[in-house]
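Residue numbers (mature numbering (1 follows the signal peptide of the UniProt record, and there is no 0)): -21 to -1, 1 to 152.
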């Protein structure tokens, strides 16, 4: 009889610890760009960032000023992310130099290289190793995609998977 209440108490304590740890994580200092925004809003400047790509080269959002950017947050374990990656690759191949796709992996501790190779992705994949950019953009669900205009302002936000047709429409002004 005592085992069941004890087990429930243990679960509650673990959940509370996890909740407090997650809340404390948000109070850590910013290390990769602009101050914490916690919810990128359309019409406002996109939070800046600097992340490493798959080759270990630093990539900054400001490097793409003057160009439209489709910014996608994803993870290797996310089924909708896996489903939209082939469409994103098709869009990237069709787009040429008309805009850029930046895909931010929020789980770089997993086999991102294997994922990229399996899906034959050629657009830039950035690694958010400490979760700062994910937090700055207020990501609560993946995939989440933003359209950033040539002036660095947020124009659109889409939560969830997109088809190629939806991506093409998303990239229109």
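All C-beta atoms in this analysis are idealised placements derived from N, C-alpha and C, irrespective of residue type, glycine included. Bear in mind that the values here come from a model prediction, so they are computed numbers and not experimental data.
Put residue 25 into one of helix, strand or coil per three-state DSSP. In the structure shown, residue 25 falls within a coil segment according to DSSP collapsed to helix, strand and coil.
Kindly indicate which residue of 25, 52 and 46 has the alpha-carbon position closest to the one of residue 119. It is 52.
Give every residue of the same chain whose Cβ lies closer than 8 Å to the Cβ of residue 85, excluding the five residues on either side of it in the sequence, and list them in chain order. Taken in chain order, the residues that qualify are 52, 53, 54, 107, 110, 113, 118 and 121.
Find out if the Cβ-Cβ distance for the pair residue 145, residue 21 is shorter than 8 Å. No, the pair does not count as a contact, with Cβ atoms beyond the cut-off.
Taking the alpha-carbon positions, what's the residue 138 to residue 67 distance? Between residue 138 and residue 67, the C-alpha separation is close to 15 Å.
What is the rounded straight-line gap between the Cα of residue 132 and the Cα of residue 95? Between the alpha carbons of residue 132 and residue 95 lies a gap of roughly 28 Å.
Verify whether the separation of the beta carbon atoms of residue 47 and residue 28 is less than 8 Å. Against a cut-off of 8 Å, the Cβ pair of residue 28 and residue 47 comes out as no contact.
Residues bridged to residue 64 [DSSP beta-bridge criterion]: Beta-bridge pairing links residue 64 to no other residue.
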